[in-house]
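Okay, structure first, notes after.
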Amino acid sequence: MADLPEDLEVRTAIETAEIFVNNYYPTLNKPNGARELHWFYVKNNPASPLKPDISLNGNVITDTGDVEAVFEKLPAKTHYEVQSFDCHTLNANYNVGAPDDSLDLNKSGRKMSILVMVSGSVRYGDGGETHGFTDNVVLVPNWEVLSKSAKGGKRWLIQSQTLRVVL
Numbered sequence: 041m042a043d044l045p046e047d048l049e050v051r052t053a054i055e056t057a058e059i060f061v062n063n064y065y066p067t068l069n070k071p072n073g074a075r076e077l078h079w080f081y082v083k084n085n086p087a088s089p090l091k092p093d094i095s096l097n098g099n100v101i102t103d104t105g106d107v108e109a110v111f112e113k114l115p116a117k118t119h120y121e122v123q124s125f126d127c128h129t130l131n132a133n134y135n136v137g138a139p140d141d142s143l144d145l146n147k148s149g150r151k152m153s154i155l156v157m158v159s160g161s162v163r164y165g166d167g168g169e170t171h172g173f174t175d176n177v178v179l180v181p182n183w184e185v186l187s188k189s190a191k192g193g194k195r196w197l198i199q200s201q202t203l204r205v206v207l
């Protein structure tokens, strides 16, 4: 049985990280973007072992709806600017929560867990002080989209996140 070729693994991780960074932070910057955040996270599902693990400035959040509430409380015109990001494959054959028909070897690069490390600055409101932030995110496959070959859904979801703003 052949492993996932390293070039495909690296290319998938980089492309996934770029797509994530180019979508998640602009969503945070939108006036009502907090209402769209739930689409970026794994869903709470009692039947699945896959659960969100989120920490925002040291506050543990177990429900993705609470993430939206945290960001909705921020001042209007909060602006995140990504200055750099890096990514690494954590598991090249990720199967947690996968349906039985998806347990075969990862030959396409769609069944990985990927660590994305982001740093940048955030400004709260017009003329507000700028602070640094770091965000460490683990992206995992969206099994619903992959198993249905559905279009329009996010292929990768946040399973774990640790966001820190330096005050």
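Its first residue numbered 41, the sequence shown is counted upward by one per residue in the numbering used here. Where is the CB? At the ideal position from N, CA and C, for every residue including glycine. Values in this document were obtained by computation on a predicted structure and should not be read as measured data.
Span of the beta strand (DSSP E) around residue i
i	result
L155	153-163
F125	119-131
Beta-carbon proximity of residue i to residue j, cut-off 8 angstroms
i	j	result
E49	G149	yes
Q199	V178	yes
A74	E112	yes
Y81	P92	yes
N84	T56	no
G165	V122	no
L197	N176	no
Y120	V180	no
T202	S95	yes
Three-way DSSP call (helix, strand, coil) for residue i in this model
i	result
P139	coil
T104	helix
E169	coil
V205	strand
L186	helix
V110	helix
L179	strand
L77	helix
L90	coil
M41	In this prediction, M41 scores a pLDDT of 38, lower than 50, which makes its location untrustworthy; the coordinate-derived value is nonetheless stated afterwards. M41 falls in the coil class under three-state DSSP.
K194	coil
Rounded distance between the beta-carbons of residue j and residue i, thought under 8 angstroms
i	j	result
N131	S153	4 angstroms
V136	P89	6 angstroms
N97	R163	Wrong, their Cβ atoms sit about 16 angstroms apart, outside the cutoff.
L77	E108	5 angstroms
L143	H171	About 43 angstroms separates the two Cβ atoms, so there is no contact after all.
Residue i, enclosing alpha helix (DSSP H) - first and last residue
i	result
Y290	With the chain covering 41 to 207 only, the question about residue 290 has no answer from this structure.
heavy atom of the ligand NAP below 7 angstroms from residue i C-beta
i	result
W183	Annotation note on the ligand NAP: not contained in the displayed structure, which lists no ligands.
Counterpart residues of residue i in DSSP-defined beta bridges
i	result
N99	L96
S200	D93, V178
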